[in-house]
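Here's the structure we're looking at; comments come further down.
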Ligand SMILES: *[C@@H]1O[C@H](CO)[C@@H](O)[C@H](O)[C@H]1NC(C)=O
Ligand SMILES: *[C@@H]1O[C@H](CO)[C@@H](O)[C@H](O)[C@H]1NC(C)=O
Ligand SMILES: *[C@@H]1O[C@H](CO)[C@@H](O)[C@H](O)[C@H]1NC(C)=O
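In the UniProt record's numbering, the protein residues as written are 1 to 397.
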């Protein structure tokens with residue numbers, strides 16, 4: 001135990017020292033960021049704003065016309081009775097940016113490789129992006145294939161790929177099987193994530209996320225040494241500490257493998273859940289409600305925080321700020337907290353058929369974590385689009 005803690009501290013210290021030695025990044029001046037075609041107006045923070053109902057402009061695509069959506073996210077096909085959740089547009093406060101243009105994005109990605117790395121929420125965002133681009137590419141000029149942990153979408157006329165790599169904790173873990181995995185007994189490998197990161201090399205745009213699997217329990221197990229190490233040396237750590245450790249490993253990998261003159265890196269912040277209606281003032285006599293049956297967003301005045309761990313958010317912000325390769329935060333947390341209405345609820349493919357008892361109270365098996373498509377992840381991609389092509393001059397990104 002003691003040995004590992006010392007090793008961990010050394011790792012953290014090394015990362016911090018490297019960041020300090022590099023100075024505070026290249027704020028102001030400097031060459032334009034790769035992929036930038038414009039700039040956000042001064043003072044424009046796209047994470048602040050409000051949801052506006054817009055039946056004319058939303059949704060951007062129909063659920064049935066996008067073949068890439070997994071059956072866990074096709075809510076209409078699974079009987080969801082309402083559709084209003086598809087019709088909200090995010091309006092940043094005090095500024096407007098160009099709307100999503102699939103042709104522009106494809107042209108900018110010509111000859112490039114864009115890669116999402118993370119968990120099922122990141123996969124939802126990835127699929128949303130494919131749906132947003134789908135219509136702009138003729139049939140026969142695109143393909144989609146998944147092999148083990150890697151999904152590859154190819155836009156042939158653009159010689160571009162948009163890919164997703166399953167690594168819910170970024171580090172190597174016992175959750176790495178893309179199909180068979182469970183959030184119980186989480187175990188990560190303390191060593192650098194070489195097996196995963198060999199797939200990340202050479203990407204021109206990287207979009208990471210990682211949150212949900214870390215908050216499935218207070219503690220996490222860490223395995224030291226290699227697969228064939230007979231000692232199977234396992235120690236336990238607080239999840240948040242282990243999360244910081246892994247983010248530092250990601251930063252070290254970025255600094256060694258990513259050229260910021262050619263590539264951009266983003267991290268999507270925590271996606272909130274809506275599992276307890278009392279938190280937004282829904283205290284009906286029948287007991288605690290949740291996202292089930294919700295058909296409208298929470299009002300902008302609400303202070304609902306989605307149960308999101310503020311410690312984990314802080315860890316994300318603090319560790320990534322130390323990176324010499326700038327990492328743009330796609331801050332989806334607050335805007336998604338308003339959207340109690342947009343989860344898949346019970347309208348999804350169920351891996352295990354609900355029991356008669358569960359069916360009698362659908363709240364008991366409603367999924368208040370994942371999001372229907374079209375829906376909220378389309379807005380996450382709009383934020384990503386703005387950050388990638390219209391970065392703000394105010395901040396590093
Ligand atoms: C995300 O945006 C919210 C709302 O503007 C803000 O309160 C929060 O500090 C932001 N978080 C990060 C990590 O930038
Ligand atoms: C989208 O981008 C393309 C390529 O830059 C451009 O030709 C087209 O006019 C844009 N469409 C809209 C609606 O702005
Ligand atoms: C869900 O809404 C329907 C229709 O308004 C209502 O009959 C039902 O009681 C609601 N269920 C729950 C669990 O709130």
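Positions of the beta carbon are idealized from the N, C-alpha and C atoms, including for glycine. Since the model is a prediction, treat every value here as computed from it, not as a measurement.
In this structure residue 244 touches residue 315 by the C-beta definition: roughly 5 Å separates them, less than 8 Å. At least one heavy atom of ligand 3 falls within 7 Å of the beta-carbon of residue 292. In this structure, the straight-line span from the alpha carbon of residue 210 to that of residue 321 is close to 16 Å. If the five residues before and after residue 112 are omitted, its C-beta is found closer than 6 Å to the C-beta atoms of 160, 204, all from its own chain and listed in chain order. Taking non-hydrogen atoms of ligand 3 into account, the C-beta of residue 43 is found less than 7 Å away from none of them. In the structure shown, residue 194 adopts helical secondary structure according to DSSP, grouped into three states.
Relative to ligand 2, the beta carbon of residue 333 is positioned no closer than 7 Å to any heavy atom. Sequence-distant Cβ neighbours of residue 152 in its own chain, meaning closer than 6 Å and more than five residues away, are 145, 161, 163. Within the DSSP secondary-structure output, residue 38 pairs in no beta bridge.
Distances from the CB of residue 382 to the heavy atoms of ligand 1 are all 7 Å or more. Around residue 118, the same chain offers 167, 168, 208, 209, 210 as residues with beta carbons nearer than 7 Å, after the five sequence neighbours per side are excluded. Residue pairing for residue 91: DSSP places it in a beta bridge opposite 50. Burial of residue 337 is indicated by the presence of at least 16 other C-beta atoms within 10 angstroms of its C-beta. For residue 148, there is no enclosing beta strand (DSSP E), since its DSSP letter is neither H nor E.
Only exposed fits residue 31, as fewer than 16 other CB atoms lie within 10 angstroms of its CB. Nearest C-alpha to residue 344 among 187, 72, 193: 72. For residue 367, the enclosing beta strand (DSSP E) begins and ends at 367-371. The continuous alpha helix (DSSP H) containing residue 248 extends over residues 239-257. Within 7 Å of the C-beta of residue 98 there is not a single heavy atom belonging to ligand 3. Just measuring C-alpha positions, the residue of 275, 278, 312, 308 sitting nearest residue 238 is 312. Taking C-beta separations shorter than 8 Å and ignoring five residues to either side along the sequence, the partners of residue 295 in its chain run 82, 84, 85, 341, following chain order. Between ligand 2 and the CB of residue 101, the shortest heavy atom gap is smaller than 7 Å. Assignment of residue 216 by DSSP, reduced to helix, strand and coil, places it in the helix class.
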